[in-house]
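So the sequence shown is numbered by the working numbering: it starts at 206 and just counts up by one.
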Amino acid sequence: MDYYDSTLENAIDQDNYLEFQQALSDIGEALEQRFTLEDSLIALALDHNLKASNEDNVARPA
Numbered sequence: 206m207d208y209y210d211s212t213l214e215n216a217i218d219q220d221n222y223l224e225f226q227q228a229l230s231d232i233g234e235a236l237e238q239r240f241t242l243e244d245s246l247i248a249l250a251l252d253h254n255l256k257a258s259n260e261d262n263v264a265r266p267a
C-alpha cells in the first residue's frame with residue numbers, strides 16, 4: 206500500500222514516470238525475494254516429509 210500511496214495516488218506523467226518505474230522495479234524485486242523464500246520453505250517441508258494438513262498427495266515441485 207505504501208507504493209500505491211506514494212506513486213499511484215497521483216497521475217503518472219512525464220515528470221514522475223521514472224519514479225513510477227522505480228516503484229514497479231522495487232515491487233518486482235520484493236516479489237522475487239518472497240517467491241524464493243516460499244520455494245525454500247516448500248523444499249524444506251518436503252525434505253522433512255511434512256504433509257499438508259489438507260492434502261495427502263502433494264507432488265514435489267520440479
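We treat Cβ as the ideally placed atom computed from N, Cα and C, and that holds for glycine. The structure presented is a predicted model; accordingly, all values stated were derived computationally and were not measured.
Contacting residues, own chain, Cβ-Cβ under 6 Å from residue i (five flanking each side not counted)
i: Ile217; result: Phe225
i: Ser246; result: The sequence shown places Leu at residue 246, not Ser. Answer for Leu246: no residue qualifies.
query = If you scan the segment 218-261 from start to end, which runs of the alpha helix (DSSP H) of 4 or more residues do you find wholly inside it?
reply = For the segment 218-261, whole alpha helix (DSSP H) runs of length 4 or above, ordered along the chain, are 222-252.
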